[in-house]
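So the sequence shown is numbered by our numbering: it starts at 32 and just counts up by one.
C-beta atoms are modelled at their ideal positions from N, C-alpha and C, and glycine is treated no differently.
Only one structure is covered here, and it is reproduced in the block below.
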Amino acid sequence: MSRTSSLGVMAAMAAMSLLLTAPGVAHAQAPATATAPDARVETALKAAGLGFLIDEGDYRLDYKVDETRSQRVWIASGTTSLPPLEVRDVWSVAARGKGTVPADLAIHLLQENVRMVLGAWQVSQGKDEYLVVFLAQVNADADAATLREVIEVVMYSADRIEKELSGRDAY
32 MSRTSSLGVM
42 AAMAAMSLLL
52 TAPGVAHAQA
62 PATATAPDAR
72 VETALKAAGL
82 GFLIDEGDYR
92 LDYKVDETRS
102 QRVWIASGTT
112 SLPPLEVRDV
122 WSVAARGKGT
132 VPADLAIHLL
142 QENVRMVLGA
152 WQVSQGKDEY
162 LVVFLAQVNA
172 DADAATLREV
182 IEVVMYSADR
192 IEKELSGRDA
202 Y
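What follows is the structure, encoded as structure tokens:
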């Protein structure tokens with residue numbers, strides 16, 4: 032690595048550090064906890080003709096991807112606000128593993144993120160296991176067509192990586 036690119040990497044890391052520690056940034060991004068399903072989601076899902084269940088206050092959709100595969104997608108009732116924006120998460124699980132995420136998988140997911148137009152791969156790390164999740168954010172007031180499009184992006188993205196990683200249809 033050249034001295035110039037080394038300095039660029041160091042500058043980028045310093046900027047990220049400042050962004051992550053800036054007052055109010057973490058607070059602005061903390062999602063609200065929904066106690067009840069958000070009626071705006073239900074209205075949009077019904078207008079899109081999509082069936083759903085309520086799962087701990089969030090909306091759960093079970094999609095048939097093709098004749099042999101299915102994928103479960105959740106839409107959060109809780110929203111995050113960074114005025115004037117209000118967004119909600121739409122996500123789907125692609126993999127689960129014991130321990131911590133393997134480095135080669137983490138690198139693969141980062142490489143996949145480069146090609147994504149909407150949404151990104153995330154790893155949710157628990158004490159003894161991890162989840163690989165594809166998550167996209169959508170305007171909290173999204174209309175039926177927009178919400179359906181985001182749901183489909185999440186669903187197809189998660190199913191593609193689930194199939195690539197395991198060949199199974201668990202999620």
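Item, Value
"Residues sharing a beta bridge with Val124, DSSP", "Val164"
"Outcome for Val164 when other beta-carbon atoms lying within 10 angstroms are tallied against a minimum of 16", "buried"
"Supposed close pair Ala126, Leu196 - CB separation, criterion 8 Å", "5 Å"
"First through last residue of the alpha helix (DSSP H) which encompasses Thr177", "Ala175 to Ser197"
"Closest Cα partner of Gly157 within the set Gly130, Leu149 and Glu73", "Gly130"
"Simplified DSSP assignment, three categories, for Met95", "Per the sequence shown, the amino acid found at residue 95 is Lys instead of Met. Note: Lys95 maps to strand in three-state DSSP."
"Residues near Leu81 in its chain [Cβ-Cβ closer than 8 Å; skip 5 each side]", "Leu92, Arg179 and Ile182"
"Three-state secondary structure assigned by DSSP to Glu87", "coil"
"Residues bridged to Val118 [DSSP beta-bridge criterion]", "Thr111 and Asn170"
"Beta-bridge partners of Ile138, as assigned by DSSP", "Its beta-bridge partners do not exist; DSSP assigns none."
"Classification of Gly25 by the beta-carbon crowding that lies within 10 angstroms, buried from 16 upward", "Examination of residue 25 is not possible in this model, given that the chain is present from 32 through 202 alone."
"Sequence-distant residues of the same chain with beta carbon closer than 8 Å to Glu117, five excluded per side", "Thr110, Thr111, Asn170, Ala171 and Asp172"
"Proximity to Leu162 [Cα-Cα], best of Gln168, Ile192, Arg71 and Phe83", "Ile192"
"Selected residue, minimal CA-CA separation from Val104, among Val124, Asp97, Glu160 and Asp135", "Val124"
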